[in-house]
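K.L.:
What follows is a structure written as C-alpha cells; I'll ask about it next.
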Amino acid sequence: MPNFIEIEQVDPGRELRLPNVLSISNTNSNDAFLTSCRAGGVIPHPARMPLQMAAFFIQFLTDQADLVLDPFAGSNTTGFVAEQLQRRWVSIEADNNYSNQSKIRFGQFNNGTLAGGVSKWG
Ligand SMILES: C[S@@+](CC[C@H](N)C(=O)[O-])C[C@H]1O[C@@H](n2cnc3c(N)ncnc32)[C@H](O)[C@@H]1O
271 MPNFIEIEQV
281 DPGRELRLPN
291 VLSISNTNSN
301 DAFLTSCRAG
311 GVIPHPARMP
321 LQMAAFFIQF
331 LTDQADLVLD
341 PFAGSNTTGF
351 VAEQLQRRWV
361 SIEADNNYSN
371 QSKIRFGQFN
381 NGTLAGGVSK
391 WG
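Position in the sequence shown (first residue = 1) + 270 = my numbering.
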C-alpha cells in the first residue's frame, strides 16, 4: 500500500499528526465472498471489514497460534483472516443470517490460498 501510514502537517509550524493511521479502501465489489453471496442469493453483511484491516491488527497484535476473539463477528472476516494467518479464533455473532456467511467465506479456500487477497506482512 502506498499510503499505509499518512502523516500530515495541518498548519505550518505545528506538530505533525496522524489523521488517518490506516488507509484501506473498502470499495471492492467483486471479491469471492461477494460473488458467492450473489450466486447464492445471500444479502451480504452490510458492515463488513476489509480483509486487510483484520490482517493488519492480527499480525500487529498476535503471534501464530495465539487466540483471536471477535465478539461481534458479523460475516466472520476476523475468523477467516485469523485462519489464514495460522491463529486460533473464536467468533461470536448474534444473528444467524450473518454467522452463516462465515461458511461462505470458508468456501473461498482454494489450494490453501485466500481468494480475496490478504497479504501477509512481516
Ligand atoms: C459491525 S458488525 C461486524 C461486521 C464484521 N466485522 C464483518 O466484517 O462482517 C457488528 C455485528 O455485531 C452483532 N452483534 C450485535 N450485538 C451483539 C451481541 N450482543 N452479541 C453478538 N453479536 C452481536 C451484529 O449482529 C453485527 O453483525
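Ideal Cβ placement from N, Cα and C applies to all residues, glycine included.
Can you give me the C-alpha to C-alpha distance between residue 385 and residue 354, rounded to a whole angstrom?
P.N.:
Interpretation of residue 385 is limited by its pLDDT of 45, a score under 50 that renders its predicted location unreliable; no figure is taken from the coordinates.
K.L.:
Within a Cβ cutoff of 8 Å, which residues of the same chain sit near residue 389, ignoring the five residues on either side of it in sequence?
P.N.:
Confidence at residue 389 is low in this model, with a pLDDT of 41, below 50, so the placement of that residue should be treated as unreliable; the coordinate-derived value is given next. Once the five neighbours on either side are set aside, the close Cβ partners of residue 389 are 322, 325.
K.L.:
Just checking residue 347 against ligand 1 - is the residue's beta carbon closer than 7 Å to any of the ligand's heavy atoms?
P.N.:
Yes - ligand 1 has a heavy atom lying nearer than 7 Å to the Cβ of residue 347.
K.L.:
Does the beta carbon of residue 353 fall short of 7 Å from some heavy atom of ligand 1?
P.N.:
The answer is no for residue 353.
K.L.:
Can you tell which of 372, 282, 320, 292 has the C-alpha that lies nearest to the C-alpha of residue 300?
P.N.:
The shortest C-alpha separation from residue 300 is found at 320.
K.L.:
Closer than 7 Å: is that where the CB of residue 365 sits relative to any heavy atom of ligand 1?
P.N.:
Residue 365: yes, Cβ under 7 Å from ligand 1.
K.L.:
Suppose the cutoff is 6 Å on Cβ atoms and the five residues either side in sequence are ignored; what does the same chain contact list for residue 372 look like?
P.N.:
Only 346 meet the Cβ criterion.
K.L.:
Taking 7 Å as the cut-off, is the CB of residue 302 close to at least one heavy atom of ligand 1?
P.N.:
No.
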